[in-house]
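Protein chains in written order, with this note's numbering: chain A, 1 to 248; chain B, 1001 to 1311. Every residue, glycine too, gets a C-beta built ideally from N, C-alpha and C.
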């Protein structure tokens, strides 16, 4: 049942040009960054004489592409997640889902998975693009895997937050703006607490938890952080929709 | 187990302390078409939302074929097809895509989806619209898609909220025929504020006003109230009322402003022939004689008014 809701979401993303446009524009941006990364690699490495200054091509290009990806997702996810519930509420299509034999949790998780499935197309494409480096070099697939997983988890957390804000309002644009502000704040949080790495509030920052992934490290603490983050906002969304049913 | 497909038990819904629906009780049996009547804001849609699990009742319960909507929402919802007042159509999809999705969400098994979609399209006259975007369909066809969506999983109960609003007369006629057809196999609840519609498609009528059920009974009861034992007679040279009263069977007569005479007669009496004879013999200039029907509107107003007076 969850899968059917997810399929519905995927279908409606691709039913309009929006899904395709977003995919192509983002891939254009990542592709450009990738090409620049490869060019820069030769420029930088030809100047780096000592062995300590030399880094692998995977890390050099990978970090720049994944760095850009996590930044661009900050804008892309709110634009995609805003429609999920707000749009349905505005066009009054929610009763279609509510009167079908599926629970609220299934609806919310289905919508969430639908969006994550769409975004994971990008994650897979980025991974595939970087894997082409392997043609003339010997790259570190572990690094790619860790980064892909990190990006996927982060994007999933963005989506969960986006769904929650989408469930609060009827206006998709408001949902997008709120999501963007909240995500931006969460990304910037560790800048404010840069002087105190043990600060609890600083630890809530999404960027901090993405860092270990971007260094090629899969830390279970960070995985748990992202999973809990997503679960929290999905639960809040279910509760919000339940309140609709109770209070009307 | 009784044979009720829908049982509403003391349904009450509060909106910030106001009772939008209060203590509504009714049952529906298999194969019946129930008309839900009421003025705007009477609580029709609220009741329907509660019946379909879109809104939680403040008190009371709903049972669909004996399954409680609060305790087993999934099982209960699987037995219902619902078309809300605002059609829940995803306009960016084609008719086929939308109906396949509806079938999937209503747990139609994968191998039956195709036949279910074909069947629903055929019943709603949508066969040639399969590949069209819902957005580009006319209002009437969109409404048909809405109905197709509600019957695609062959539910026990079909609930349609104002299915004929905003359609042209031909579309309304088609949709009424469709509702009748659906009513043959499923139980149907339709809400409307168009009274003749109820008379055409429903077996039973419920009138709701200010959240309370003021009438619940067979359509025949309503019709009987409507026809009454009255004749309306048009005379060019109307005689004195006393002369009319002399005719056998006439119990009451009054002249109306339009020059017509309204005659009441006792139950079982048929004074029409005598009246015509008297009119011919005495040269009253008869040009019209017809049973005087109270319009359903009047009955409706009476019923809702009585309730107010009683309170």
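{"Item": "Residue of 204(A), 73(A), 67(A) minimising C-alpha distance to residue 222(A)", "Value": "204(A)"}
{"Item": "Residue-level contact to chain A via CB, residue 1080(B), 8 Å cutoff", "Value": "yes"}
{"Item": "CB contact flag (residue 1255(B), residue 1241(B), <8 Å)", "Value": "yes"}
{"Item": "C-beta neighbour in chain B for residue 306(A), strict 8 Å", "Value": "No information on residue 306(A) is available, as it lies outside the stretch 1 to 248 that chain A covers here."}
{"Item": "Simplified DSSP assignment, three categories, for residue 49(A)", "Value": "coil"}
{"Item": "Cross-chain neighbours of residue 258(A) in chain B, by beta carbon under 7 Å", "Value": "In this structure chain A extends from 1 to 248, so residue 258(A) is not present and cannot be described."}
{"Item": "Minimum Cβ-Cβ distance from residue 1106(B) to chain A less than 8 Å", "Value": "yes"}
{"Item": "Chain A contacts made by the region 1002-1021 of chain B, where a contact means CB separation under 8 Å", "Value": "1013, 1015"}
{"Item": "Contact with chain A by residue 1053(B), beta-carbon distance below 8 Å", "Value": "yes"}
{"Item": "Test: residue 1311(B) CB closer than 8 Å to a CB of chain A", "Value": "Low per-residue confidence applies at residue 1311(B): pLDDT is 45, beneath 50, and the placement is therefore not dependable enough to give any value."}
{"Item": "Cβ neighbours of residue 1272(B) in the same chain (closer than 7 Å, five flanking residues each side left out)", "Value": "1231, 1289"}
{"Item": "DSSP beta-bridge partners of residue 1260(B)", "Value": "1234(B)"}
{"Item": "Residue 41(A) beta carbon less than 8 Å from that of residue 65(A)", "Value": "no"}
{"Item": "Neighbourhood of residue 172(A) by C-beta, 8 Å cutoff - its chain only, sequence neighbours within 5 removed", "Value": "82, 83, 86, 87, 90, 166"}
{"Item": "Chain A within 8 Å of residue 1056(B), Cβ atoms only", "Value": "yes"}
{"Item": "Proximity of residue 1052(B) and residue 1013(B) at Cβ, strictly below 8 Å", "Value": "no"}
{"Item": "For residue 1104(B), the first and last residue of its enclosing alpha helix (DSSP H)", "Value": "1095-1105"}
{"Item": "Collapsed DSSP secondary structure at residue 1165(B) in the structure displayed", "Value": "coil"}
{"Item": "Straight-line gap, residue 1022(B) to residue 1062(B) (C-alpha atoms, nearest Å)", "Value": "14 Å"}
{"Item": "CB contact flag (residue 74(A), residue 163(A), <8 Å)", "Value": "no"}
{"Item": "Beta-bridge partners of residue 1015(B), as assigned by DSSP", "Value": "1018(B)"}
{"Item": "Residue 93(A) at chain B interface by Cβ criterion, 8 Å", "Value": "yes"}
{"Item": "When 1192(B), 1109(B), 1177(B), 1132(B) are compared against residue 1152(B), the one with the closest alpha-carbon", "Value": "1109(B)"}
{"Item": "Unbroken beta strand (DSSP E) run spanning residue 1192(B), endpoints", "Value": "1187-1192"}
{"Item": "Three or more C-beta pairs below 8 Å linking the region 183-200 of chain A and the region 15-35 of chain A", "Value": "no"}
{"Item": "From 54(A), 216(A), 52(A), 49(A), residue whose alpha carbon lies closest to that of residue 149(A)", "Value": "216(A)"}
{"Item": "Short Cβ contact (8 Å threshold) for residue 69(A) with residue 151(A)", "Value": "yes"}
{"Item": "Collapsed DSSP secondary structure at residue 1255(B) in the structure displayed", "Value": "strand"}
{"Item": "According to DSSP, residues forming a beta bridge with residue 1291(B)", "Value": "1231(B)"}
{"Item": "Contact with chain B by residue 4(A), beta-carbon distance below 8 Å", "Value": "yes"}
{"Item": "CA-to-CA distance, residue 1236(B) to residue 1282(B), given in whole angstroms", "Value": "12 Å"}
{"Item": "For residue 229(A) and residue 168(A), the rounded distance between their alpha carbons", "Value": "18 Å"}
{"Item": "Selection of the region 99-114 of chain A by Cβ proximity to chain B, strictly under 8 Å", "Value": "99, 100, 101, 102, 103"}
{"Item": "CA-to-CA distance, residue 155(A) to residue 1091(B), given in whole angstroms", "Value": "28 Å"}
{"Item": "is_contact[residue 1039(B), chain A] using C-beta, thresh 8 Å", "Value": "no"}
{"Item": "Top-ranked residue by Cα proximity to residue 24(A), from 45(A), 71(A), 119(A)", "Value": "119(A)"}
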